[in-house]
Structures are given as C-alpha cells and as structure tokens.
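A.B. asks:
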Amino acid sequence: IANIDNATRILSGVRAGSITATSTDAINGAQLYSISNAVAGYFGGGASYRDGAWNAPTFTVKVFDKNGNGAEKDYSTVAEAFTGVSSSFTNLDKKIENMVINGTGDALVKQDTAGLITIGGKVSGTKVSIANIDNATRILSGVRAGSITATSTDAINGAQLYSISNAVAGYFGGGASYRDGAWNAPTFTVKVFDKNGNGAEKDYSTVAEAFT
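Residues in the sequence shown are numbered from -11 upward in steps of one, following the working numbering.
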C-alpha cells in the first residue's frame, strides 16, 4: 500500500483479526494495544505501553548481604531481580546456618562442639509444637531409640513401641497381636465345668474373665 514514492501509508478500517497459531489475518492497533497493556500489567513495576512505545518497569527488591543486612535495590529486568532474590536467599541461608551451627545470639537451635543440638535452650517455654500453619499434626521422623527407664524423658520411636507391643501380645497368647498400630484382641478358650461335672469349652476376651 506504499504510495508512488514508496512511502508507507496507514491502513485504517481494519477489523480485529483472528489471533491463533495459524492465523494470517491482519491485526489492528486496538488488538496490539490491548495485548501490550495486559503484558505490562503482568510485569508491574510501572511498566506501561502508550502511543506505540514501552515504558520499562523497575523492580524494587529488598536484598540481603552475607551479614544479613537488608537494603532495597532497583532492577530493570525480571532476570536481574530474581538473581538478586536468589543471592539474598543464599546469603540468608548461610547466615542462618552459621547461627545454628555456632549458636550465636538467641538462636532457637544450637549445636555445640560435641554435636549436642539444643532446641529452645534460651527461652522459657514448656511446650514445643511441630503443627503446620493449619494446626494439623505432622509426623516427626528420624527419631533414634530413646531410653526406657522410670526417669527417662526421651522420645520413643515406632520401632520401640512395636517391639514392646508384640512382646506383650506374645505373653497374652490367645491370638493377640499388634499390627499397623492396632491391637488384635486375644481370645482365651477355657474348658469349664458345671455343678454336675459336665465340661464345655468357653471363650473369654480378657484374662480376668477367663480365670473367673
């Protein structure tokens, strides 16, 4: 549609064309404007599209150095901003790791040179919760077998409870067992005699009943 001097001309009155992977329709300015503004909105950071030109965004991110000190920094691209965030996480992770290992400040978790890890040693609370954000319970795994004595305050793991429960079930006999965290009750079959001396087998579910 160039003129006699091969200069470009505006083609107006173009209806909105189809935007698909196989479309060959012409796209009008309103369509491009709409798409560009939507993209600018997704970017945020002051990005906009006006009069056929982009206004670049500015992403302000609070970054942390290796000492844990924070400061706001501006980035012009998403990639740079995420790099700043990534570096901050790395620095914070190292800072936290240092606090945990060396037990600096009022850290809740500390480890001494002998490998003893102390949780909450500098606070006065008497209860520790590992519930999640919805206050739902969670499994605490990796618990080493604790001491089982009259004065022990060690946590006991599943293997210990399983071993004890199976031993008790064995002492009961009568088909008693402990599987998958549940008891299978025993049945005690005893031959009883009536006043006439007639005997018959009878089942009991408890030791006391069987002896009675």
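Just so it is clear, CB atoms sit at the ideal spot from N, CA and C, and this is done for glycine as well. Only a predicted model underlies this, so the values are computations on that prediction, with no experimental measurement involved.
Per DSSP, which residues does residue 53 bridge with? Please list them.
C.D. replies: DSSP lists no partner for residue 53.
A.B. asks: With 16 as the cutoff for other CB atoms within 10 Å, does residue 51 come out buried or exposed?
C.D. replies: buried
A.B. asks: Along the beta strand (DSSP E) that carries residue 97, what are the first and last residues, could you check?
C.D. replies: In the DSSP assignment, residue 97 falls within the unbroken beta strand (DSSP E) covering 97 to 99.
A.B. asks: Please list the terminal residues of the continuous beta strand (DSSP E) segment that includes residue 62.
C.D. replies: 58 to 63
A.B. asks: For residue 25, which of helix, strand or coil comes out of DSSP?
C.D. replies: helix
A.B. asks: Return the chain-ordered list of same chain residues with a C-beta closer than 8 Å to the C-beta of residue 18, the five sequence neighbours on each side being excluded.
C.D. replies: 4
A.B. asks: Do you know how far the Cα of residue 147 is from the Cα of residue 57?
C.D. replies: 46 Å
A.B. asks: Under the assumption that residue 142 contacts residue 130 (Cβ atoms under 8 Å), give the Cβ distance between them as a whole number of angstroms.
C.D. replies: The beta carbons of residue 142 and residue 130 sit about 14 Å from each other, so the pair does not count as a contact at 8 Å.
A.B. asks: Below 8 Å on the Cβ atoms is my guess for residue 128 versus residue 144; work out the distance and round it to an integer in Å.
C.D. replies: Not really, about 12 Å apart at Cβ, beyond 8 Å.
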